[in-house]
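**Q**
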Amino acid sequence: MTTPDDRRYTDQHEWALVQGSGGAGTVVRVGITDHAQDALGDIVFVQLPAVGEEVGPGNPIGEVESTKSVSDVYSPVAGTVSAVNEALTDAPETVNADPYGDGWLVEITVAGDGGDPTADLLDAAAYQALVDAS
Numbered sequence: 192m193t194t195p196d197d198r199r200y201t202d203q204h205e206w207a208l209v210q211g212s213g214g215a216g217t218v219v220r221v222g223i224t225d226h227a228q229d230a231l232g233d234i235v236f237v238q239l240p241a242v243g244e245e246v247g248p249g250n251p252i253g254e255v256e257s258t259k260s261v262s263d264v265y266s267p268v269a270g271t272v273s274a275v276n277e278a279l280t281d282a283p284e285t286v287n288a289d290p291y292g293d294g295w296l297v298e299i300t301v302a303g304d305g306g307d308p309t310a311d312l313l314d315a316a317a318y319q320a321l322v323d324a325s
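Okay, so the sequence shown: first residue is 192 according to my numbering, each after it adds one.
Set out below in structure tokens:
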């Protein structure tokens, strides 16, 4: 399983990748990790929040349903949902096939002056150590 080092991770198995800063704040793309999709098995449904919804770190923002179970997805940052991956409505299995690419879930705009809103999350090595210990 892969753990790209270009993004940050949560202990709930979400990843967060800064997409850039704009007028409204910093955009952070969020998805679930390769480890999470592998543990879930075949994903058959993804429930995502509405664009414009306010989210907070550690709060549920959606669900990923597989043939084995249903798991909550948690926001790694505080902000406003600015985009959802509509393609997952018709092709939820994309999360299994490409969890770090086309299988992203939401983008959250974090208000502020551009600092890295993901800086307090786990780096790839720390996340991999967490997975290895479980």
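Beta carbons are placed, not taken as given, at the ideal position from N, Cα and C, and that holds for glycine.
Quick one: what's got a C-beta closer than 6 angstroms to N156's C-beta in the same chain, skipping five residues either side?
**A** It is not possible to answer for residue 156, since the shown part of the chain is limited to 192 through 325.
**Q** Is T193 helix, strand or coil when you go by DSSP?
**A** coil
**Q** Should A207 go down as buried or exposed, given a rule of 16 or more other Cβ atoms within 10 Å for buried?
**A** buried
**Q** If you reduce the DSSP assignment to three classes, tell me which class Y200 lands in.
**A** strand
**Q** Quick check: what's the CA-CA separation for S257 versus G216?
**A** Between S257 and G216, the alpha-carbon positions lie close to 34 angstroms from each other.
**Q** For H204 and A310, I'd like the C-alpha separation in whole angstroms.
**A** 16 angstroms
**Q** Taking DSSP as the reference, what is the three-state secondary structure of Y318?
**A** helix
**Q** Quick check on the burial criterion: 16 or more other C-beta atoms within 10 angstroms. Buried or exposed for G232?
**A** exposed
**Q** Kindly indicate which three-state DSSP category T300 falls into: helix, strand or coil?
**A** strand
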